[in-house]
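In what follows, a structure is listed as structure tokens, so that the remarks can point back to it.
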Amino acid sequence: MSTSLHHRAIEHLGTRIVGGALPSGHVMLAEHLEDELNVSRSVVREAVRVLQSLGLVETIKRVGIRVLPAHRWNPFDPLVIRWRLAGDGRGAQLRSLAELRSAVEPVAAELAAGNAPESLRQELVGISLAMKQAGDAGDMATFLDLDIRFHALVLSGSGNEMFANLIGQVTETLTGRTVHGLMPEHPQKEALQWHMDVAHAIDAGDGTLAREAAAKIMRQTIAELAPSWDDQPRVFVPVAQKPATPGS
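Below, the structure written as structure tokens:
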């Protein structure tokens, strides 16, 4: 199977579903997808398998491949995040990610101050200095790479494996902001200083200061991005009804 054909099929269908061109309830047939994408049945089958794993579609015997509603999608998968950032739902996706990060990253920074190994602490300090230099120089490509590494280290340094598993989501957020022109040409000096404050507080084992500085970064991020989601609806995930117990 051609990896490029497989990737193209997934991207084509995923972006159309997440972007709304293929709405919830829409049914596709494998043979039609073969013709539309000019690929083999095996490529279609594998692409559908990936989309199923993301919660975007389900296969129904003797019916076809049905598109599922947004609340069934896996909101943590980097592919879903990337596709949402590329479409009309960008603002809503940025809001969800910013709110998630604001809840997690300050706590992760506090935990990292108490738990991170010495090598990680030293690397974090070095990266925060390099970020300031790249930001002051307007080298946004280098800054993005360093910014991703910085936040990945904070999450990993917390010692909480569930926090560390959010690295992919944060990476897509920072990359998406850059790709879609939502980052300033030069990072604000306050933000650069707060990143250094987080790094030095973690290095010094000061959890309170690390948490406060990380919270400042997230408050500024939300303030910068809020206009992009003012008119974006939220997704309310239905809560399953708990079965009644006998005799209740």
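Mind the numbering: the sequence shown is residues 83 to 330 in the working numbering, read in order.
Virtual Cβ for every residue (Gly too), placed ideally from N, Cα, C.
Nothing here was measured: the structure is a model prediction, and the numbers come from that model.
- In the structure shown, the three-state DSSP call for Arg164 is helix.
- CA-CA distance, Met265 to Arg259, rounds to 6 Å.
- A Cβ-Cβ distance of about 7 Å is found for the pair Arg172 and Ser310, placing them in contact under the 8 Å criterion.
- If you compare the alpha carbons of Leu111, Phe225, Arg231, Pro269 with that of Lys143, the shortest gap goes to Leu111.
- A distance below 7 Å between beta-carbons, with the five flanking residues on each side excluded, links Met213 to the following residues of its chain, in chain order: Phe225, Leu228, Asp229, Phe232, Leu274, His277.
- Contact annotation, Ile304 with Ser210: C-beta distance approximately 21 Å; criterion of less than 8 Å not satisfied.
- Around the beta carbon of Val109, fewer than 16 other beta carbons sit within 10 angstroms, so the residue counts as exposed.
- If you check the CB distance, Gly146 and Gly101 do not come in under 7 Å.
- Apart from the 5 residues on each side of it in sequence, Ala190 sits with its Cβ closer than 8 Å to the Cβ of Val236, Leu237, Gly239, Ser240, Asn242, Phe245, Ala296 in its chain, given in chain order.
- Under the three-state reduction of DSSP, Glu267 is assigned to coil, being neither helix nor strand.
- Our two residues, Ile99 and Ser106, have alpha carbons roughly 8 Å apart in a direct line.
- Taking a contact to require three or more Cβ pairs closer than 8 Å, the segment 126 to 142 and the segment 195 to 203 do not qualify as touching.
- Fully enclosed alpha helix (DSSP H) runs of no fewer than 4 residues occupy 123 to 135 of the segment 119 to 156, in order along the chain.
- Residue environment for Ser178: buried (at least 16 other C-beta atoms within 10 angstroms of its C-beta).
- Within the DSSP secondary-structure output, Met110 pairs in a beta bridge with Ile147.
- Assignment of Ser240 by DSSP, reduced to helix, strand and coil, places it in the coil class.
- Exclusion of the five residues before and after Ile92 leaves Ala129, Val132 as the residues of its chain whose Cβ lies within less than 6 Å of its Cβ.
- For the pair Ala281 and Val207, the CB atoms are nearer than the 7 Å cut-off.
- By the criterion of a C-beta distance shorter than 6 Å, Gly287 is surrounded in its chain by Ala195, once the five residues flanking it on both sides are discounted.
- Taking a C-beta distance under 7 Å as the contact criterion, Thr97 and Trp155 do not qualify as a contact pair.
- At a Cβ-Cβ threshold of 7 Å, Gly250 and Pro160 count as neighbours.
- Contact between Leu104 and Val149 holds: their C-beta atoms lie close to 5 Å from each other, under 8 Å.
- DSSP places Asp227 in the helix class (H, G or I) of the three-state scheme.
- Shown here, Ala103 sits in coil according to DSSP, grouped into three states, outside any helix or strand.
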